[in-house]
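Structure record follows, encoded as structure tokens.
Protein chains in written order, with our numbering: chain A, 25 to 313; chain B, 394 to 717; chain C, 5 to 459.
Structural data, given as structure tokens:
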């Protein structure tokens, strides 16, 4: 993880209150949160359903207007149109035009970014290849599965080589291999100095890639910090070593018990289900009908 | 009643109730019904230069508005309840339960039919009021006019209050309250004359309009069946357009059939397919003091039910094999 | 900015094509344009058939495109907002007004295409109907001259009433038949009124004369058409036998016998055999039924006889007419998009149609606004207005000011009668409907769209 520099997103006492027809407060979705996201870091926004994650992202994108507080994105107001040329956004659901093909939709969004000519064509082609949709690039989006539509969503997010990438549930609907690819992609983007803000319920994925996280609950940030610091438990230690002979192990455990008064728990180190899945799939040859 | 039938009945009631609740909450439903009522009641305020024809104008306009708005409401309601549910995918959750497609389809039709029944009820009361409020000899019924101008406030203010205090949805509350206010207005105006003097109950109201409005309501049933059948495949604009086209061709069906006199089988087919709208048009029958008899209503009901069943069968055939 | 706006416009067009909206609309349009003249029985004359074609087809095309434009425009933005497809668009670097403009351009591009197709079909149908008719070549030519040209209406030259009246007044005063209390000015006024009445009334066996001044340099080689209509003082509308004498400064006068019915417009086709440079044409109407008891009236100033001269081709006139229709569609598109910016699709459709109905009620609004007759109170016969009446009347007068320009710009009556639609009218329609009203509607819509939250 590179050195983190200037702020790309700064929120001070950011609040969003939804009101009813009579202008009475109905829901306090975001309640005076302070948030700082720096350049080149991957920041995770966690929280249960209804905690205010999506509302926060929508305020950053200028889709919703904050009720009070200060919010700046890349040093400007989120409603500044010029700022959006440096932002890429991938929503939770793929809100795409069903009658367009993947290539057409990327061309359309590229036009909105002001790209044209060879540059546009090259970028679209590269992104289609990068998200693995070469075979289906000329089919209408309406015929895509959810996972395929998510890949198009990811591709359009990266069209303009953004400095700030906002992702809402980026791995939702993707198989484990695609998940791994997306995570690797995000890590590589962060290494290049891109700032990434992710909302997700997949805690394992967030733990894998995020530098810092914030946990929202009922519109408040109740915990915020680097993943390493949050996860570390300073009161316990973990040793890793090659399995010794039984007698040696027993002697070590007896010694520790004598010295500390505690008998340590011993277990074999395991792999994650994700790595087992990926290994298994990659090992088997592809089945052709 | 056997347990299976009880379950089916419960399912039907649940599905119809849900669809009807959803329809009642929609702003478009509210606007369509309200606009029909406003047009019907406000037309008598337009000065007519045909002396003695003001009541006639009010009645004809009321019946025409009921027909056209009812048709648009049927088309919109059918698409809103069936087509949109197919499009959004919520139908998958319903059909994954032990609910047959036939049950689902009929429940949607029933919901549209109940909505139209409510609409016809409101239209009928509005037609009675329009006829009563129509100026006689260029003199307005100012007593009735004041009641009429106050009626929206009497209905909508409590609905707004309920929304403010209890968070009850404004639209269905306002609709129901306005229907009640209209009934109350009819009752009041049936016992008071234009000067505000008490008279015998019912002497100031043209009750013969009720069967006429009912006849039109019966005409809306086969159109609702067409609407629900079309909405299995088509969206609202296409459905309403086709309904309006059928209305137009139904009104000139005699002329069109006449053009095909030389080809009897085509003329017969056309006459069978096109809904016989002309038979349902009560204004001609009411002219010169005519009345709509119970027998007429019975015949119309039989035609509507038969035609509607035929159309529903076709609609169900389109819906039965549809994949989502 | 242009690239983004055009991208949105192109997306709108593609959506219309791929959702088969364009296809079904084209099929409906073509079917209606060809089918309506077959369904509607005219008066079994070639003139009636051409009028049916020109009148009903243009009205059908205008109405159909107006309704579908409004529906499409209302759903253009609101359905994207409802389905949340707009999230991925507004989060791109484009202003909301660019999005609005792009949608407007896309819908207008479709309208241009469909109007062009309608124009081709209408023109082809009218020409084909004349060609395929079994009438004589001369009659076909006359009908073609009457309907398939753009014609300008010349009004009869108005005599110098003051001078004639002055001379008549002097004669009356000299004759001593004038009451003493009447001043010469009052006498002159009465004389003018009497002369005007005499000019437009024709007693049995009587006649009347009109002169027309043709502008120089206009197209020649086409027939002239004398269009007239008169009423009768008798309730029975018996036909009237008469004779028109057409004369000019050079050449012998031409006489044409006619039989017309009171209340029914008539057209007399005059071959343009006038020598070049002939500008003043005089037509004299002489009744041949001296035994009749009916006096004929050439209506009032607005319905006096007109001489229709050639202005230009039918196709150019049709183009100008379609430009007026396009201007109206531009306004409707703006109205629909602006309504869709704030409201859901069905409510936006409803509100937009409600506004259109209000505009369409402009005739009634105008009559109330100008006559002041709206609500006659029940208490007593007096027409004294209450405060409510005054408020409502002011409201109607305001509506009249706003809606009057929207309704007076209608090309269909001119097209179906072969009257010229001038470029000034077409450009005025563009400027007023598309430019002023459209711009105001667009401004309001974009403003609302900018303030709208899309979460």
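Where a beta carbon is used, it is the ideal one built from N, C-alpha and C, also for glycine. Note that the structure is predicted; figures quoted are calculated from it, not measured.
Helix, strand or coil at residue i according to DSSP, with G and I counted as helix
i	result
residue 215 of chain C	strand
residue 65 of chain A	coil
residue 143 of chain C	helix
residue 101 of chain C	helix
residue 74 of chain A	coil
residue 591 of chain B	strand
residue 32 of chain A	strand
residue 441 of chain C	helix
residue 403 of chain B	helix
residue 19 of chain C	helix
residue 393 of chain C	helix
residue 113 of chain A	strand
residue 395 of chain B	coil
residue 200 of chain C	helix
residue 249 of chain A	strand
Proximal residues to residue i (C-beta, below 6 Å), its chain only, five neighbours per side dropped
i	result
residue 324 of chain C	425, 430
residue 51 of chain C	147
residue 286 of chain C	215, 251
residue 528 of chain B	447
Cβ of residue i within 8 Å of any chain A Cβ
i	result
residue 408 of chain B	no
residue 96 of chain C	yes
residue 91 of chain C	yes
residue 127 of chain C	no
residue 641 of chain B	no
residue 717 of chain B	no
residue 344 of chain C	no
residue 545 of chain B	no
residue 11 of chain C	yes
residue 417 of chain B	no
residue 23 of chain C	yes
residue 557 of chain B	yes
residue 6 of chain C	no
Residue span of the beta strand (DSSP E) that contains residue i, given as start and end
i	result
residue 5 of chain C	Counting along the chain, residue 5 of chain C falls outside any beta strand (DSSP E), and DSSP gives it neither H nor E.
residue 53 of chain A	49-62
residue 250 of chain C	244-252
residue 286 of chain C	284-291
residue 259 of chain C	258-264
Beta carbon proximity, residue i to chain C, threshold 8 Å
i	result
residue 421 of chain B	yes
residue 191 of chain A	no
residue 105 of chain A	yes
residue 79 of chain A	yes
residue 5 of chain A	Because chain A here runs from 25 to 313, residue 5 of chain A falls outside it and cannot be looked at.
residue 111 of chain A	yes
Own chain residues within Cβ distance below 7 Å of residue i, not counting five before or after
i	result
residue 678 of chain B	685
residue 39 of chain A	54, 55, 56, 90, 91, 92, 93
residue 292 of chain C	245, 246, 247
residue 584 of chain B	591, 592, 594
Same chain, Cβ closer than 8 Å to residue i, five either side skipped, listed in chain order
i	result
residue 457 of chain C	none
residue 366 of chain C	403, 404, 407, 408, 410, 411
residue 10 of chain C	106, 109
C-beta neighbour in chain B for residue i, strict 8 Å
i	result
residue 33 of chain C	no
residue 194 of chain A	no
residue 380 of chain C	With a pLDDT of only 48 at residue 380 of chain C, under 50, the local geometry of the prediction cannot be trusted, and the value read off the model is given with reservation. Yes, its Cβ sits closer than 8 Å to a Cβ of chain B.
Delimiting residues of the alpha helix (DSSP H) encompassing residue i
i	result
residue 230 of chain A	227-233
residue 460 of chain B	447-471
residue 643 of chain B	629-644
residue 330 of chain C	318-346
Residues of the region 50-83 of chain C whose Cβ lies closer than 7 Å to any Cβ of chain B, in chain order: Listed by position, the residues of the region 50-83 of chain C near chain B (Cβ gap below 7 Å) are 75.
Pull out every residue of the region 80-94 of chain A whose Cβ sits closer than 9 Å to any Cβ of chain C, in chain order. 82, 83, 85, 86, 87, 88, 89
Of all the residues that make up the region 328-353 of chain C, which are near chain B by a beta-carbon distance shorter than 9 Å? 347, 348, 349, 350, 351, 353
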